[in-house]
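Numbering (the working numbering), first residue to last: 423 to 573.
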């Protein structure tokens, strides 16, 4: 059984194992053995739905707990007019978050920027878009980033 390992590099933690990579500043990054990940994917796509009831911090905590099982992040859709404002499509299925949104300068959009950072994207690149648009679509497949973003 191959274990994912964690290494500290420049104050950030990095995990690697059979092509899947994590790189971020969260010391509590979740690690799974390869067999656990393979068992998880057996049943096909999954839905990960937060129970945060629109609370930004709860959505961020939920994402941190689940991100180790998401696989490759493919697309992120944010729409302030839905119950689950953020939808993250990944190789494991879909993540629905209720407390991270867009279209104004409040806590929800700031939470969105935090999620983007946790995914490994530069939040500065998306800041204006997240604060001013009621709908934001980030397709990592078009950017060529999808092949590099793993959890």
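Even glycine gets a Cβ: it sits at the ideal position worked out from N, Cα and C.
By alpha-carbon positions, which one of the options ends up nearest to residue i?
i: residue 533; options: 553, 559, 516, 470; result: 553
i: residue 558; options: 498, 481, 504, 515; result: 498
i: residue 526; options: 505, 556, 483, 564; result: 556
i: residue 467; options: 505, 493, 560, 537; result: 493
I'd like the list of long-range same chain contacts for residue i, defined as Cβ closer than 7 Å, with 5 residues on each side in sequence excluded.
i: residue 549; result: 535
i: residue 529; result: 478
i: residue 539; result: 545
Is the CB-CB distance between residue i and residue j below 7 Å?
i: residue 476; j: residue 520; result: yes
i: residue 502; j: residue 516; result: no
i: residue 562; j: residue 495; result: yes
i: residue 537; j: residue 485; result: yes
Should residue i be labelled buried (16 or more other beta-carbon atoms within 10 Å of its own) or exposed?
i: residue 474; result: buried
i: residue 491; result: buried
Can you give me the Cβ contacts of residue i inside the same chain, cut-off strictly under 6 Å, excluding the 5 residues immediately before and after it?
i: residue 488; result: 470
i: residue 551; result: 558
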